[in-house]
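Trainee: In this note's numbering, the protein residues as written are 261 to 331.
Just so you know, even glycine gets a beta-carbon here, dropped at the ideal spot from N, CA and C.
I have a structure here, written as structure tokens, and I will follow up with some questions on it.
Following this line, the structure appears as structure tokens:
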């Protein structure tokens, strides 16, 4: 048995970001994101979340780079 939105959860893990980072990009709470991932999502919602995952990944990489440079 597979869980709902398994591919999105796997994408979050693969991107190396936390749920709260994705939720922040979406402008929602981490709890609301979690509840969304338990439901059937529309294609539009899935795309928005996948886009937010990529943005969160970029944001994290940028922050890590700035920390390394002492900014």
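Which residue from 276, 282, 328 puts its Cα closest to that of residue 307?
Mentor: The residue with the shortest Cα to Cα distance from residue 307 is 282.
Trainee: Checking 8 Å against the spacing of the C-beta atoms, do residue 310 and residue 274 come in under that value?
Mentor: no
Trainee: Out of 303, 279, 304, which has the shortest C-alpha to C-alpha gap to residue 295?
Mentor: 279
Trainee: Quick check on this structure: which residue in 277, 264, 327 has the alpha carbon closest to the alpha carbon of residue 314?
Mentor: Here the closest residue by C-alpha is 277.
Trainee: If you measure from the CB of residue 306, is any heavy atom of the ligand GDP nearer than 7 Å?
Mentor: Of ligands this structure carries none, so the ligand GDP is not represented either.
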